[in-house]
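Colleague:
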Amino acid sequence: MDFNKAYNYCIRLLSIGDRTSYQIVQKLKQKNYSDDVIDETISKLKDYGYINDVKYAERWIEDKSSQPGMSKKSMYYKLIQKGLDKELLNNIFNEISINDYDTALASAQKKLKSLKGDSKTNKVKLFSYLAGKGYSADTCNKVIVELLYED
Numbered sequence: 011m012d013f014n015k016a017y018n019y020c021i022r023l024l025s026i027g028d029r030t031s032y033q034i035v036q037k038l039k040q041k042n043y044s045d046d047v048i049d050e051t052i053s054k055l056k057d058y059g060y061i062n063d064v065k066y067a068e069r070w071i072e073d074k075s076s077q078p079g080m081s082k083k084s085m086y087y088k089l090i091q092k093g094l095d096k097e098l099l100n101n102i103f104n105e106i107s108i109n110d111y112d113t114a115l116a117s118a119q120k121k122l123k124s125l126k127g128d129s130k131t132n133k134v135k136l137f138s139y140l141a142g143k144g145y146s147a148d149t150c151n152k153v154i155v156e157l158l159y160e161d
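Each residue of the sequence shown is one higher than the one before, starting from 11 at the first, in our numbering.
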């Protein structure tokens with residue numbers, strides 16, 4: 011009986027949006043289901059293809075990779091927070107191509123509109139902003155050179 015309730019609860023959760031197996035386990039633990047019920051539920055959801063961490067990560071990365079300010083590094087750590095395995099993520103990130111420069115440039119262009127001050131101050135602020143988003147120092151410098159030293 012507990013299995014059916016847990017399973018139906020998970021189906022409702024998944025109808026709202028995709029989740030990782032870790033997120034589902036956490037939700038079931040919050041509802042105080044036993045480890046046996048959780049294991050059986052996760053197994054059944056995986057068998058039916060309702061949860062698949064690899065597909066989840068690939069879709070999530072594809073969706074977020076075009077958003078300004080979303081660096082490869084920040085995506086990696088956000089997915090780790092969602093309970094995905096580091097080895098799995100390393101494999102996925104090695105297979106796909108993400109252009110950090112384009113997203114950094116778009117993000118910096120947007121940020122630059124709100125910055126006030128001289129060029130030197132804006133350079134420091136932009137660098138800090140981009141570095142905080144997870145972009146490499148090399149990418150930050152290239153973007154700053156393009157935006158602030160255009161003639």
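Glycine included, every Cβ here is placed at the ideal spot set by N, Cα and C.
Could you give the first and the last residue of the continuous alpha helix (DSSP H) run that contains M85?
Modeller: K82 to Q91
Colleague: Measuring only the C-alpha atoms, how far is F13 from Y58?
Modeller: 15 Å
Colleague: Could you spell out the range, first to last residue, of the alpha helix (DSSP H) harbouring S138?
Modeller: S129 to G142 is the extent of the alpha helix (DSSP H) around S138.
Colleague: Enumerated in chain order, which unbroken segments of the alpha helix (DSSP H) with a length of 4 residues or greater are wholly contained in the segment 16-89?
Modeller: 31-40, 45-57 and 63-74
Colleague: Can you have a look at M11 and say buried or exposed, based on whether 16 or more other CB atoms are within 10 angstroms of its CB?
Modeller: exposed
Colleague: Looking only at its chain, what residues have a beta carbon closer than 7 Å to the beta carbon of G142, apart from the 5 residues adjacent to it on each side?
Modeller: none
Colleague: Look at the Cβ atom of T30, then the Cβ atom of K74, and state whether they are nearer than 7 Å.
Modeller: no
Colleague: Would the beta-carbon of S84 be found less than 6 Å away from any heavy atom of the ligand MN?
Modeller: Of ligands this structure carries none, so the ligand MN is not represented either.
Colleague: Have a look at D110 and K82 and give me their C-alpha separation to the nearest angstrom.
Modeller: The alpha-carbon atoms of D110 and K82 are separated by roughly 7 Å.
Colleague: Using a 10 Å radius around the Cβ and a threshold of 16 neighbouring Cβ atoms, would you call T131 buried or exposed?
Modeller: Per the 10 Å Cβ criterion, exposed.
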